[in-house]
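Quick note, the sequence shown lines up with residues 0 to 616 if you use numbering that gives the first Met the number 0.
Every residue gets a Cβ at the ideal spot worked out from N, C-alpha and C, and that includes glycine.
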Amino acid sequence: MKEEASPRKRSGSNRPFAIVGIGASAGGLEAVTELLQGLPTNPGMAFVVMQHLDPTHESALPALLGRATNLPVLEARNNLRIEPNRVYVIPPNKAIRVAERRLKVTARRTEKEMRMPIDGFLESLATEEGDGAIGVILSGNGSDGTRGLLAVKDAGGVTFAQDDRSAKYPAMPASAVAGGCVDFVLSPARIARELVTLAGRPAGAEVPLVPSTSTARGEERALEEILTLLRMRTGVDFSQYKRPTLDRRIRRRMGLHRLDTLRQYSDHLRHHPPEVQELFHDILIHVTGFFRDKAVFATLRRRILQRLVRDRDPDEAIRIWVPGCSSGEEVYSLAIALVEFLAEKKRHFPVQIFGTDINLRALDRARAGFYPASIAADVSAERLRRYFVRSDSGYRISKGIREMCVFARQNLTVDPPFSNLDLISCRNVLIYLGVSLQRRIFPVFHYALRTGGFLLLGASETVGSFVDLFAIADKRSKFYSKKATLSRPAVTFGHAVSDAKPEPPQVDTAGTVFNVAPVTPEIQKQADRLVLAQYSPPGVVVNSRLDVLQFRGRTAPYLEHPHGEASLNLLKMVREGLMLDLRAALNRAMKQNKRVRKENVRLRLNGGCGYIHLVVL
0 MKEEASPRKR
10 SGSNRPFAIV
20 GIGASAGGLE
30 AVTELLQGLP
40 TNPGMAFVVM
50 QHLDPTHESA
60 LPALLGRATN
70 LPVLEARNNL
80 RIEPNRVYVI
90 PPNKAIRVAE
100 RRLKVTARRT
110 EKEMRMPIDG
120 FLESLATEEG
130 DGAIGVILSG
140 NGSDGTRGLL
150 AVKDAGGVTF
160 AQDDRSAKYP
170 AMPASAVAGG
180 CVDFVLSPAR
190 IARELVTLAG
200 RPAGAEVPLV
210 PSTSTARGEE
220 RALEEILTLL
230 RMRTGVDFSQ
240 YKRPTLDRRI
250 RRRMGLHRLD
260 TLRQYSDHLR
270 HHPPEVQELF
280 HDILIHVTGF
290 FRDKAVFATL
300 RRRILQRLVR
310 DRDPDEAIRI
320 WVPGCSSGEE
330 VYSLAIALVE
340 FLAEKKRHFP
350 VQIFGTDINL
360 RALDRARAGF
370 YPASIAADVS
380 AERLRRYFVR
390 SDSGYRISKG
400 IREMCVFARQ
410 NLTVDPPFSN
420 LDLISCRNVL
430 IYLGVSLQRR
440 IFPVFHYALR
450 TGGFLLLGAS
460 ETVGSFVDLF
470 AIADKRSKFY
480 SKKATLSRPA
490 VTFGHAVSDA
500 KPEPPQVDTA
510 GTVFNVAPVT
520 PEIQKQADRL
530 VLAQYSPPGV
540 VVNSRLDVLQ
550 FRGRTAPYLE
560 HPHGEASLNL
570 LKMVREGLML
580 DLRAALNRAM
590 KQNKRVRKEN
600 VRLRLNGGCG
610 YIHLVVL
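As C-alpha cells, then:
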C-alpha cells in the first residue's frame, strides 16, 4: 500500500479556516481570475496561488489578480502568517511551503523545486493541515500538481481539477485526473462555488465514528453496516484495519456529500452502489514514488543484493514480492536497481518480481507502466533515458523492465503468498493494519521467504514481537533477514470460519498472545526443500480454477507469462504443444480424483523438439 498519514498531520476541524493551494501554469491567469471572481468578499478561506513564472522577471501576477478580486492579493514572503480572506502569490524563482500556518519562502535549490513547485507546496499543505487541506489544479502543461493532489487526498483533504472544456491547456489537470486523485472536475467558476460550500462545512469536520451520546449505539451499528457493505461489494474486510485510517477516509467521503452522521452515510451507500467503490478506493489511496528513500536503495545495492547473488547458481531465479504495490513504482524501482547491479557485477540470473494489491485501478496503472513527467524529480536523467520511453505527457517503462514484473490482485491478509522468495518489500502497508492482522502477516512473510531471504519494511514499521522470526539486517534501512526456527509459525489463509472450538491461545511471559503450530523442525523442512529442488521434477500447484499457487523447480521450459494482462492461470501460461494433453490430463484427474500420467508428450522449444512425461496428481 502506502505511506500512512503521519500523526503530526492536523485535523481540519481544529482550524478556524481552511488553506486552499491553487496550482496553474500556461493559461492559468484566466483560470485563477475566473475562480477568484466567483468568490464572495468574505469566503472564510486563505488562498495560495502557485503559478509557473519566468524566473528572471519580476512578477506582475499580484497586481493582475488584485484587479480581479476584492480580496487582498499579496506576494508571499518568508515567515508570513497566513490569514483568512487573502490571496498569496508565489514569487518568481522561489520554492514555497507552509509550516505552522506560516509561509516558508526559499530559493529553489533542488531539481524538484525547480520543476515541480506546485507539488512541493501541496505536499507540505497535506502534511501540515491533514484533512483540512484543499488542493486545486488549473490550466497548464506538464504534470506538476499530480503528486501534490495525491498527498492532499491521502491526508483526507479535498481535491479539484479544471475540466477539459474550460482549460486553455488541459494537460496539467488531466494528469491529476488520470492519477486518480481528484474529487471534483469542474470549471473555475464552479470550483469557486464548491469552495464556498466547503467553507461553510469543511470536509474535515469532526464526526466521531462512535460519539459519546445517546446515539452512539445507532452510529456503531451504522459503521458496522458500512464495513459490511464494503466486504460484500469489494470482497475486502476492513474491520481489522486501523481505526484512525478508516475514520479519516469515511469522514472525508461524508464531507464530500454534505452528510453529518454515519447513519446518513450508510443509507447513502445502500442507495448509491458506486459510492461503495469510491470509499473503497479512498481507503486504499496512498502516496508512492520511484526510488523512495535513496538510502534504502543504497543499502539494497551495497549489502542485500551482494548477499543474494553470492554462491547462486546461474539458472536460479531471483524472486521478489511487493505486496501492496499500488501503481507499481516500487516494483519497477526494484527491477531497475537489480538490473543495474547485475550489469555492474557482470552476472546474469532469471528475475521474477511480483507486485500485488487489492486495488484493481492501481494495478491497471501498474501494468500500463505509464507515469507523469513529474517522475523526473525522482528518477535521474540517465535512468529515464535507459529504462523509460518518453511521450508528450509522461514516461512509459521500457518493455524489458515491464517483462520482468508480474502484477496480480491479491489480498495480503487472506490469500496465499508466493514462496521461495529472496526479498519481500512491504513498505508502509502494515501501518494501516490492526494488531491482529499484523500477527497473521508476519508468519506469512516468514513462510514465503527462503532461508537467507530478506524482508524490507517502511521507516515507521518494525517486526514487533516477531523477533523470533526475523533478525535485523540493517537497522536504519529496515531490512530484516529470515531466521531459521525450531518450529514453523502458524500460517492461515482464507475467510473460512471453523465451527470447531478453537484451542486456547498461548501467552508468553511478556503477555503477547500467539498461536502455536505443530512442531516441525526447521532443519527437516530445509532438508526436504533441498532434496525436492535437486531431484524432483518441475511442477506447479494449482487450485480448482487452475490458477497457479506455487511454482516448484524450473518451470521455464514448460510455462511462460502470456502477453497482455498478467495472469497466473495455468492454461494461459503453458507453452504451445502441451495445451491439449495438459487440459485432458487435468480434466480426467479432477473428474476421477486419481493420478493421471501421459508419457512421451511432444514439446517444441528453442527450435528443437523433445518428449516429456506429464503427471497430474
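So is residue i buried or exposed if we call it buried at 16+ other beta carbons inside 10 Å?
| i | result |
| --- | --- |
| residue 496 | At residue 496 the pLDDT is 36, less than 50, meaning the model places this residue with poor confidence; the figure from the coordinates comes in the next sentence. Residue 496 comes out exposed. |
| residue 591 | exposed |
| residue 223 | exposed |
| residue 517 | For residue 517, the predicted model reports a pLDDT of 36, less than 50, meaning its position is unreliable; a value from the coordinates is still stated below. By the 10 Å Cβ count, residue 517 comes out exposed. |
| residue 115 | buried |
| residue 404 | buried |
| residue 5 | With a pLDDT of 41 at residue 5, under the threshold of 50, the modelled position of this residue cannot be trusted, and the question is left open. |
| residue 250 | buried |
| residue 562 | exposed |
| residue 505 | Residue confidence is low: residue 505 scores 34 on pLDDT, short of 50, so the model does not pin down where it sits. Its coordinate-derived value is still stated next. Label assigned to residue 505: exposed. |
| residue 500 | With a pLDDT of only 34 at residue 500, under the threshold of 50, the placement of this residue in the model should not be trusted; the figure read from the coordinates follows. So residue 500 ends up on the exposed side. |
| residue 608 | exposed |
Taking a contact to mean a Cβ-Cβ separation below 7 angstroms, would you say residue i touches residue j in this structure?
| i | j | result |
| --- | --- | --- |
| residue 406 | residue 362 | yes |
| residue 191 | residue 172 | no |
| residue 452 | residue 411 | no |
| residue 326 | residue 380 | no |
| residue 72 | residue 61 | yes |
| residue 286 | residue 150 | yes |
| residue 321 | residue 330 | yes |
| residue 145 | residue 371 | yes |
| residue 616 | residue 582 | no |
| residue 43 | residue 198 | yes |
| residue 536 | residue 553 | no |
| residue 479 | residue 462 | yes |
| residue 569 | residue 545 | yes |
| residue 18 | residue 193 | no |
| residue 88 | residue 95 | no |
| residue 261 | residue 218 | yes |
| residue 281 | residue 252 | yes |
| residue 119 | residue 20 | no |
| residue 276 | residue 433 | no |
Could you please give me the residues that DSSP links to residue i through a beta bridge?
| i | result |
| --- | --- |
| residue 348 | According to DSSP, residue 348 bridges with nothing at all. |
| residue 546 | 568 |
| residue 371 | 393 |
| residue 161 | 185 |
| residue 473 | 478 |
| residue 581 | DSSP output for residue 581 lists no bridge partner at all. |
| residue 538 | 551 |
| residue 322 | 355 |
| residue 611 | 600 |
Could you check where the beta strand (DSSP E) with residue i kicks off and where it finishes?
| i | result |
| --- | --- |
| residue 87 | 85 to 88 |
| residue 289 | Neither: residue 289 is in no beta strand (DSSP E) and is coded neither H nor E. |
| residue 50 | 44 to 50 |
| residue 65 | Not the beta strand (DSSP E): residue 65 falls in the alpha helix (DSSP H), residues 60 to 65. |
| residue 22 | 17 to 23 |
| residue 95 | 93 to 98 |
| residue 406 | 404 to 408 |
| residue 103 | 101 to 106 |
| residue 135 | 132 to 136 |
| residue 423 | 420 to 425 |
Between which residues of its own chain and residue i is the CB-CB distance below 8 angstroms, once the five residues before and five after are set aside?
| i | result |
| --- | --- |
| residue 258 | 264, 267 |
| residue 334 | 350, 352, 400, 403, 404 |
So, for residue i: in the same chain, excluding its five sequence neighbours on each side, which residues have a beta-carbon less than 6 angstroms away from its beta-carbon?
| i | result |
| --- | --- |
| residue 167 | 26, 138 |
| residue 181 | 158, 160, 175 |
| residue 152 | 158, 180, 284 |
| residue 448 | 420, 481 |
| residue 40 | 69 |
| residue 600 | 580, 611, 613 |
Quick one: residues in its chain with C-beta nearer than 7 angstroms to the C-beta of residue i, no 5 flanking neighbours on either side, listed in chain order?
| i | result |
| --- | --- |
| residue 628 | It is not possible to answer for residue 628, since the shown part of the chain is limited to 0 through 616. |
| residue 550 | 539 |
| residue 346 | 308 |
| residue 100 | 80, 81 |
| residue 473 | 298, 302 |
| residue 220 | none |
Would you kindly report the start and end of the unbroken alpha helix (DSSP H) that includes residue i?
| i | result |
| --- | --- |
| residue 448 | Element bounds for residue 448: not the alpha helix (DSSP H) but the beta strand (DSSP E), 448 to 456. |
| residue 72 | Per DSSP, residue 72 belongs to no alpha helix (DSSP H); it is in the beta strand (DSSP E), 72 to 74. |
| residue 266 | 261 to 270 |
| residue 117 | 116 to 128 |
| residue 151 | 145 to 153 |
| residue 400 | 398 to 401 |
| residue 249 | 242 to 255 |
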